[in-house]
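Below is one structure; the comments refer to it alone.
There are 4 protein chains.
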Amino acid sequence: MIVEMRRGSSEAEVEEVVQRARSLHLDVQMNLGTEKTVVALLGSNTGQVDSDMFAVLPGVESVTRIMRPYKLASREFKPEDSKVQIDGLSIGDSRIVVMAGPCAVESEEQLLEAARAVKDAGASILRGGAFKPRTSPFSFQGLGEKGLELLAQARDEVGLPVITEVLDTQHVELVSRYADILQIGARNMQNFNLLTEAGKTRHPTLLKRGLSATVTEWLAAADYLLAQGNTQISLCERGIRTFEDTARFSLDICAIPVVKKNSHLPLIVDPSHAAGHYSLVPAIAKAAVAAGADGLIIEVHPNPKEALSDGLQALTPSDFARLMKELQPIAASLGRTI
Amino acid sequence: MIVEMRRGSSEAEVEEVVQRARSLHLDVQMNLGTEKTVVALLGSNTGQVDSDMFAVLPGVESVTRIMRPYKLASREFKPEDSKVQIDGLSIGDSRIVVMAGPCAVESEEQLLEAARAVKDAGASILRGGAFKPRTSPFSFQGLGEKGLELLAQARDEVGLPVITEVLDTQHVELVSRYADILQIGARNMQNFNLLTEAGKTRHPTLLKRGLSATVTEWLAAADYLLAQGNTQISLCERGIRTFEDTARFSLDICAIPVVKKNSHLPLIVDPSHAAGHYSLVPAIAKAAVAAGADGLIIEVHPNPKEALSDGLQALTPSDFARLMKELQPIAASLGRTI
Amino acid sequence: MIVEMRRGSSEAEVEEVVQRARSLHLDVQMNLGTEKTVVALLGSNTGQVDSDMFAVLPGVESVTRIMRPYKLASREFKPEDSKVQIDGLSIGDSRIVVMAGPCAVESEEQLLEAARAVKDAGASILRGGAFKPRTSPFSFQGLGEKGLELLAQARDEVGLPVITEVLDTQHVELVSRYADILQIGARNMQNFNLLTEAGKTRHPTLLKRGLSATVTEWLAAADYLLAQGNTQISLCERGIRTFEDTARFSLDICAIPVVKKNSHLPLIVDPSHAAGHYSLVPAIAKAAVAAGADGLIIEVHPNPKEALSDGLQALTPSDFARLMKELQPIAASLGRTI
Amino acid sequence: MIVEMRRGSSEAEVEEVVQRARSLHLDVQMNLGTEKTVVALLGSNTGQVDSDMFAVLPGVESVTRIMRPYKLASREFKPEDSKVQIDGLSIGDSRIVVMAGPCAVESEEQLLEAARAVKDAGASILRGGAFKPRTSPFSFQGLGEKGLELLAQARDEVGLPVITEVLDTQHVELVSRYADILQIGARNMQNFNLLTEAGKTRHPTLLKRGLSATVTEWLAAADYLLAQGNTQISLCERGIRTFEDTARFSLDICAIPVVKKNSHLPLIVDPSHAAGHYSLVPAIAKAAVAAGADGLIIEVHPNPKEALSDGLQALTPSDFARLMKELQPIAASLGRTI
């Protein structure tokens, strides 16, 4: 249930709403907008609470039931766009943010070479996997903490904040120490304990869409992060699983305007994992920007043929630099920069 | 099997290839490119023919087996982009072609108003359904031949060529008399008799992708048209069926670079049927252009709320005009016009 | 809208309902059940008709709006199970009906050998394709009318009624002359003109589910047949297209109880096309019978390795005979025979 | 790479294979079959190892490369069926094992009532969720450790071993203390850290298929458990996500023979989560048994209407008892009991 306070309602009036909610064993989250305060009443039995119990309180403008399973990620709770702040960077702003780098951190040389190349081409965040979720236990699983150290070193040397995936609740503290942005991967989108732990850190977090998650389930998963008071959340569309197999996944381009309409959270698009092949990445990246994405996350490897994972989908540094140039006029056509 | 002749090979040499193919009961199609001739050998038993029987002939440069089920639609058969010519218009050229109009022809007033509006906004082809494929037999089925007459009238009065759907082999001759472009709808993509009849007309034809057809099956369906000698074929991506239901279908944006890589045929995108809701159409249309589509087909209705079919996905004339303006800089960023 | 008459309502009372419907430009279909008459009111604008206009008429027990797009195929219109009568055989009865034979009719020898084998093993209907829908125009397309003649000959010699596919409205009359049951294939499930023509014949017809059709769309397609007064309709589940590719399609086993709950039409299952591989056919066939299917349609070829189409999914005669034996106790456990 | 030793090969010969593998930095797993020993050589770079290095060793019969990503779960590694032993019960044997109970443990009364009912009806394992993965953070999340205690109490009082889900690596030790079988849920099928921790326990574990996982990915996930030396693994098919929405998921009935052909692991089917509605459960359960499932896991609630989660899909105790009776002749028809 969403309780919208009147413009100019007093703190005491808001507090009365909160008290009544608590007396009914409901949780409360507040959006203190610049113009008005919105209070979300949360709990498994809100359906049985009479909305009039809140509508009659002083200072309350309206009470709305949200039938969809997500509440905190919804535009009803927070009409204005959210922005995620990282070291002066802002995700969700007019500048489209590009995260780039190798699928997996493999070595100091590989990572630094990639980091310098993507920075030169205009990327503003360095990506690289230290813990890798792999289909088979016998595939390369990433360098683990050593990979995190290399990422931190690359950040210091090159000057780009870093994003890397966290796979397990037991690693949340560790990864948070090194990463500027935590990435929750597609396979973990409904790993609810991991979401809760990542939420508790209040660390900027990128939530990838599960490969067969509906938009609704994805936004409900974001609610797990938001429910812990972590407002620094971005979403990432990376392709859904369909019957078509000429690309590895089907990037759900329609999800971009759908998410923008229904949620206030910034939306990043990952053309690399969707495509599965480097030759498709530029077209998908351009489409994503044109459709309104707030950013891109793109795999770039100094030597894709020798990559330890997913080499086929990585761009070379020079292909990436060309793509960045080609994206500029598209961003400009939307009144944005990149 | 694809037989590529040497640059400068003689007509007699080509003829010898053709004769040998016929002697083996194979069909033959030729691509007389500006630089070299390519001969496709076609039949259900080409797999059993020894390629050396052709490789040894004079003037033959190479013989390639195509394992994919489509041959004539492939880049191997015809490396250069195909163009479809309609009354001075050219689909597949640097100008992005926009087809627009109502889902169904409902009345003279409705159609003329739509036609004038879309022409004013920059569309170059008028769309409108006379025969409508509807899920239920008790829904409005279109005006039939009366609808075709209204389309012809609109063409004459407004000066736009028209595209309309043909549903059945028995209507191919009738619809061809009125329409500048025949549309084969998604539900008929594998109506092979209809494809064959449309192919025989040599009329420009737009082949929509079936809602669960793979790109491979779609290009093989195009082969049915091409096999009749009809080279005036365009493809149309209109969304595939997936588990996601916030949009009506999931537009397969990855299919755009995939088709462009594997086929020489022009590719149109239909954002309206994919979206199912007008509010999603502009973002998808922009994405399609950015990804490399050669054209768009968009539903526009003078009064969407009173439309007899699919009103929810139709743009108003003013929304369409705004979209056309917003598409211009994206087209320009790719070195194209719209 | 469904108008249920009272038990014992008079013909005059029913006629008054019909007259009022006609005066409102609605079409009418009647289910003259043994206990009571049900009248379906059909048309694109029934939503705007006030149900009280019928509820007040004498002899009317209830008026129900059906929101789902199918009406005539629904249990609301006809609560009791429908049966299709073919030459003494009855589809939808306690005996489970097995249709078997080759994918395509290839020759007199092949067809007769298959026909004798499947009859000996207990099949009661012979299947075989004369017109074949093939992904590529360069694959074997079936023997056409010659194939129909061979089917008729096999029927005469072996004594099994035959089912074969009709692909196009222009062949409906021809195929009806030879076939005991018309088959509408998955790719034509929404070829609405074909459905209408097949409906007009009043010939027993088997409607296969489209490979990405929802159950709702499938039953609405059945309405096209039923709307022409053809009540001899069976449905056929043959697998839907999903991301999984170890079988060719995913047989939708849940659809069996769903269809049985919502529709009165008999339901056949095709394990061969779903599986795409003979080794999976027996398990799927058993599952289908256990879940409540009224029949099976199975591909059997005397020599699968030399089949001109889909040989990999055909059972040998001896495998088919073994399967028929294994199905008996499962049928018996449900109080049925096979 | 799979190294099959000759019948009667000596321990020393096997040891030599192991030593050579270790010298190449490969991991090793052994299947000590009754007839012969099979050694799996595992690692991310087996593709670069020359198979002749093993083929020439004494006692080696054959060396096979497995191209599929799963090795230990494959029939190549272990041709004979695996069995999971729980307290005298054996999953994968001729007796079909039925696990039943409520979706979530809600209270002592609810659980004991359910436990007694399902035992009386013939179930041999009690299911019940203590930690519940829920789409929204504001839904009931399960009783946690209190739920585990109630499960242990029910086991003691009623005498059925219990299965319950573990959601997070940090709970593996805790849940293992209470549960006879650990359940890895569909949303965690590719939570690889959780798989590894569950593998280390050597506790019987049921691995549910992810809702959009291919059979191949599912078996590769089983490899994570097996790679830790845990051989007490069962698989569970519970429906995949498709476009069809009349059931909650589409039970992949074809996966039953596919898994049985390619893997030695026992296979359980969950008709309740696939169906999403109690009325569909019996038909799906029968189909699963007929297709060759080794067991079923079914939701039963003493009072489905008051269930705190998924009440709509739970059977009442009397419906469950009836289903158990109906399953008996189907099991018998396959030479099995239930």
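Sequence lines, in order, name chains A, B, C and D.
Heads up: the first sequence begins at 89 in our numbering, then just goes up one per residue.
Heads up: the second sequence begins at 89 in our numbering, then just goes up one per residue.
Heads up: the third sequence begins at 89 in our numbering, then just goes up one per residue.
Heads up: the fourth sequence begins at 89 in our numbering, then just goes up one per residue.
By construction, the Cβ of each residue, glycine as well, lies at the ideal position given by its N, Cα and C atoms.
- When only Cα atoms are considered, Ala-378 (chain D) and Pro-370 (chain C) end up about 10 Å apart.
- Judged by DSSP in its simplified three-state form, Asn-133 (chain A) adopts coil rather than helix or strand.
- Straight across, the Cα-Cα distance linking Ala-203 (chain D) with Ala-242 (chain D) is about 7 Å.
- Bridge partners of Asp-340 (chain D) according to DSSP: C:Asp-340.
- The criterion of a C-beta distance shorter than 8 Å is satisfied by Val-172 (chain A) and Pro-354 (chain A).
- Around the beta-carbon of Gly-180 (chain C), 16 or more other beta-carbon atoms lie within 10 Å, marking it buried.
- In summary, the residues of the segment 357–371 of chain A whose CB is separated from some CB of chain B by less than 7 Å are Ala-362, Ala-363, Ser-367, Leu-368, Ala-371, in the order they occur in the chain.
- With fewer than 16 other Cβ atoms inside 10 Å of its own Cβ, Leu-120 (chain D) counts as exposed.
- Among the bridge pairs identified by DSSP, Ile-90 (chain B) is matched with B:Ala-128, B:Thr-152.
- Collapsing the DSSP output to three states places Val-388 (chain B) in a strand.
- Setting aside the 5 residues that flank it on each side, Ile-328 (chain B) is surrounded in the same chain by Leu-299, Ser-300, Phe-337, Ser-338, Asp-340, each with a C-beta closer than 7 Å to its C-beta; the list follows chain order.
- With fewer than 16 other Cβ atoms inside 10 Å of its own Cβ, Ser-182 (chain C) counts as exposed.
- Taking C-beta atoms as the reference points, Gly-399 (chain A) and Ile-344 (chain A) fail to come closer than 8 Å.
- With the rule of 3 Cβ pairs closer than 8 Å, the segment 130–140 of chain A counts as touching the segment 215–228 of chain D.
- In this structure, the straight-line span from the alpha carbon of Glu-123 (chain A) to that of Gly-383 (chain A) is close to 28 Å.
- Counting of Cβ neighbours within 10 angstroms places Gly-96 (chain D) among the exposed residues, the total staying below 16.
- Three or more beta-carbon pairs separated by less than 8 Å link the segment 311–327 of chain A to the segment 276–296 of chain A, which places the two stretches in contact.
- Contacts between Val-303 (chain A) and chain B, judged by CB atoms closer than 7 Å, involve Glu-332, Thr-334 in chain order.
- In the pairwise beta carbon analysis, the segment 237–253 of chain B is classified as touching the segment 210–223 of chain B: at least three pairs are separated by under 8 Å.
- Annotation for Phe-165 (chain D): Ile-90, Asn-119, Val-126, Ala-128, Lys-159 place their beta carbon closer than 7 Å to its own, counting only its chain and skipping 5 residues before and after.
- If you draw a straight line from the Cα of Asp-358 (chain A) to the Cα of Gly-364 (chain A), it comes to about 11 Å.
- Excluding the 5 residues flanking it on each side, Val-106 (chain B) has same chain C-beta neighbours closer than 6 Å at Val-116, in chain order.
- By the neighbour-count definition (other C-beta atoms within 10 Å, threshold 16), His-389 (chain A) is a buried residue.
- Chain B places no beta carbon closer than 8 Å to that of Arg-110 (chain C), leaving this residue out of the contacts.
- For Val-260 (chain A) against Ala-286 (chain A), the beta-carbon gap comes to about 6 Å, under 8 Å, which counts as contact.
- For the pair Met-412 (chain B) and Val-186 (chain B), the CB atoms are nearer than the 8 Å cut-off.
- When D:Ser-406, D:Ile-154, D:Pro-146, D:Phe-331 are compared, the shortest CA-CA separation from Asp-208 (chain D) is found for D:Ser-406.
- With its beta carbon less than 8 Å from one in chain A, Ala-379 (chain B) belongs to the interface.
- Ranked by Cα distance from Glu-237 (chain B), the first of B:Ile-386, B:Leu-199, B:Ser-351 is B:Leu-199.
- Between Lys-288 (chain B) and Val-346 (chain B), the alpha-carbon positions lie close to 28 Å from each other.
- DSSP places Ser-264 (chain B) outside any beta strand (DSSP E); the residue lies instead in the alpha helix (DSSP H), whose first and last residues are 260–266.
- Within the DSSP bridge table, the entry for Glu-123 (chain B) names no partner.
- For the segment 288–324 of chain C, the continuous beta strand (DSSP E) assignments of 3+ residues that do not extend past its boundaries occur at 293–296, in sequence order.
- Residue environment analysis places Gly-176 (chain B) among the exposed positions, since fewer than 16 neighbouring C-beta atoms fall within 10 angstroms of its C-beta.
- When DSSP reads this structure, Leu-177 (chain A) sits in a beta bridge with A:Ile-174.
- If you compare the alpha carbons of C:Glu-305, C:Lys-348, C:Pro-190, C:Leu-283 with that of Gly-317 (chain C), the shortest gap goes to C:Leu-283.
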